[in-house]
Amino acid sequence: RLNIEEEHIIKQSEDWKKDLIAVINKDNCPTAFLTVNDFIGVFVINILKDEGYNIPADKSVVTFGDRPWADIVNPSLTHSIFDYEQMCNKLIDILIMLKDNENTSPICASIPQIIVSKESWGIHKENSILEDRIDIKYK
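Numbering (my numbering), first residue to last: 643 to 781.
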């Protein structure tokens, strides 16, 4: 498992772009960036380029989502596609089960995703399927 330093996690705020530039300018700047969606991924690529980095030679960018601009940005974005219908159905099943039985122990559900390998990371391969685990926790 990859060790991610807390200082490299950029939280949603009005100043997230400034926070990203601060992380980029640190001596221990990450070599790869994972964004919550393709839209943010486009911004990250542009900010990295503005700071003088070559994508993917210097830094890699990977996103969640499958928007049309993932292919028109240069370099094209490597991204993950979830089966949202399956994810919603599993979540509904779990919520119904929790409603019917409050003493249920914590539940983990596995949802398959497809990694679409594009140019924004250093290893460009054919599309591959990866099973990811979504942890649903409750108190």
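In this text, a Cβ means the ideal position worked out from N, Cα and C, and glycines have one as well.
T720 is positioned such that its CB atom lies closer than 7 angstroms to that of K760.
In this structure, I687 sits near V703, with a CB-CB distance shorter than 7 angstroms.
Per DSSP, C730 has no beta bridge partner at all.
Taken in chain order, the unbroken stretches of beta strand (DSSP E) that lie wholly in the stretch 679-733 and span 3 residues or more are 702-706 and 720-724. L662 has no beta-bridge partner at all, per DSSP. Under DSSP, T677 shares a beta bridge with T705.
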